[in-house]
Amino acid sequence: MKNVLVIGATGQIGSELTMKLRKTYRHGRIVAGYIPGSEPKGDLLESGPAEQANVCNGKQIAEIVDKYDIDTIYNLAALLSATAERLPLKAWDIQMNGLINVLEVAREKHCAVFTPSSIGSFGPDTPRDNTPQDTIQRPTSMYGVTKVATELLSDWYFHKYGVDTRSVRFPGLISYKTLPGGGTTDYAVEIYYAAVKGEEFVCPLAHGTFLDMMYMPDAIKAAVNLMEADPRYLVHRNSFNIASMSFDPEEVYDAIRKHIPTFKMRYEVDPVRQAIADSWPNKMDDVCARKEWGWAPSYNLETMTKDMIKHLKEKLLTGSNEQ
Ligand code: AKB
């Protein structure tokens, strides 16, 4: 039996992960944790329990863990990279003080914890191509600083107290269900919305800016499979490189134009996002995730593009928004 608390259940990852966990662990209790102002709605609200779960309130998290006999916490609360540059202290509070709260509850109440890291945990000194699992990190963004610290702190709780902490370094995530907000890779979602709406897309990252990206079903699969993995085979824990595709704006534009030939894009580079993107790898090497827990993505740029356009047409042009 799995009883899971998803902190940040109404966000881009959380909204899909919570539904997937409810389908996977039908006899478990999968609690959608949210903060006031981002209450769950629709299927997310109706298909299982929901509780206010502010990561900065350790007592609140502990009470939910007791109430539902939680054994696993997915800690998804975070400010993304561009927002974290603007609000660094708030990012530190959510990402670091919030993480300590979760890890302390997990230590006391014997929960496993998944807290995502990111391609943002790397920096300009990191090898950019086939970025190895274990390499120089030294990020230059506040987001990256908190992500490296997340990896180190999560490993420390594992080695010191035996808390079962696990994590992946997510690429930019693309989905048609819930929009991201404040990230450097958000353009790779927004470009699909513009294309389907018949609007010109103004791209905030420059031609030739290659970044790892991933379709949401693969990201959800990674999070669930890693938490299910046999710990005897895990050499690493916090955090695994996972990859499925790497592209620059021109490549995703070309992939969309195969389906929507009239689509137009122009560049208006945002210096903050561009500086962050320039400090991140082009493409990670995910051999350790493949070997240690069988990671294998299902989507590439072409298959993702076909699926995104199909679902966005249903959502934006016919108004249907199935989960
Ligand atoms: C961001 O752009 O900040 C995130 C990330 C890559 O972690 N999507």
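No gaps in the numbering here: position 191 of the sequence shown is 186 in our numbering, and each next residue is one more. Think of the CB as a built atom: it goes at the ideal place given N, C-alpha and C, for glycine as much as any other residue. Everything numeric in this text was worked out from a predicted model, so none of it was measured.
query = Which class does Q318 belong to by DSSP, given the choice of helix, strand or coil?
reply = Reliability of the predicted coordinates at Q318 is poor, the pLDDT of 44 falling under 50, and no value is obtained from them.
inquiry  = Suppose the cutoff is 7 Å on Cβ atoms and the five residues either side in sequence are ignored; what does the same chain contact list for H306 look like?
reply    = Y171
ask   = So D273 is in the alpha helix (DSSP H); what residue range does that whole segment cover?
value = 266 to 273
ask   = CA-CA distance, T110 and L200?
value = 27 Å
task = Give the C-beta separation of I2 and N92 to the nearest angstrom, bearing in mind that I take them to be a contact with Cβ-Cβ under 8 Å.
result = So it is not a contact: roughly 13 Å between Cβ atoms.
inquiry  = Rounding to the nearest angstrom, what Cα-Cα distance links W87 and T141 in this structure?
reply    = 7 Å
ask   = Any chance the CB of I169 is under 6 Å from a heavy atom of ligand 1?
value = no
Status (buried if at least 16 other CB within 10 Å, exposed otherwise) for T313 = exposed
ask   = Whose C-alpha, out of I30, P31, Y29, T13, is nearest the C-alpha of G23?
value = T13
key: Buried or exposed by the 16-neighbour rule on C-beta atoms within 10 Å, applied to L296   = buried
task = Could you tell me the distance, in whole angstroms, from the CA atom of S33 to the CA atom of T5?
result = 6 Å
Supposed contact pair P134 and G118 - C-beta distance, whole angstroms, cut 8 Å = 4 Å
ask   = What's the gap between the Cα of Y319 and the Cα of I89?
value = Shown here, the chain extends from -4 to 318; a query on residue 319 therefore has no answer.
ask   = V184 and K308 look like a contact to me (Cβ under 8 Å); what is the Cβ gap, rounded to whole Å?
value = Their Cβ separation, rounded to whole angstroms, is 15 Å, which puts V184 and K308 out of contact at 8 Å.
Any non-hydrogen atom of ligand 1 closer than 6 Å to G115 Cβ = yes
key: Q90 - DSSP class collapsed to helix/strand/coil   = helix
query = Would a C-beta distance cut-off of 7 Å place A238 and D181 closer than the cut-off?
reply = no
ask   = With burial defined as no fewer than 16 other Cβ atoms inside 10 Å of the residue's Cβ, what is the status of I131: buried or exposed?
value = exposed
request  = Go to D207, then tell me how far its alpha helix (DSSP H) extends in each direction, as first and last residue.
outcome  = From DSSP, D207 is part of no alpha helix (DSSP H) but of the beta strand (DSSP E) over 206 to 210.
query = At what residues does the beta strand (DSSP E) containing C198 begin and finish?
reply = 196 to 198
inquiry  = Could you check if G118 belongs to the surroundings of ligand 1, using beta carbon to heavy atom distance under 6 Å?
reply    = no
task = Look at the alpha carbon of F153 and the alpha carbon of V230, and state the distance between them as a whole number of angstroms.
result = 12 Å
inquiry  = Suppose only complete runs of 4+ residues qualify. What are the alpha helix (DSSP H) ranges in the segment 34 to 79, listed by chain order?
reply    = 37 to 41, 53 to 63
key: Distance CB(R150)-CB(R227) smaller than 7 Å   = Reading off the sequence, residue 150 comes out as Asp, not Arg. No, the Cβ-Cβ distance between D150 and R227 is not below 7 Å.
query = First and last residue of the beta strand (DSSP E) that includes I169?
reply = 167 to 169
query = Which class does I251 belong to by DSSP, given the choice of helix, strand or coil?
reply = helix
inquiry  = When you measure from the CB of S76 to every non-hydrogen atom of ligand 3, does any distance come out below 6 Å?
reply    = With respect to ligand 3, the structure shown offers nothing to examine, as its ligands consist of ligand 1.
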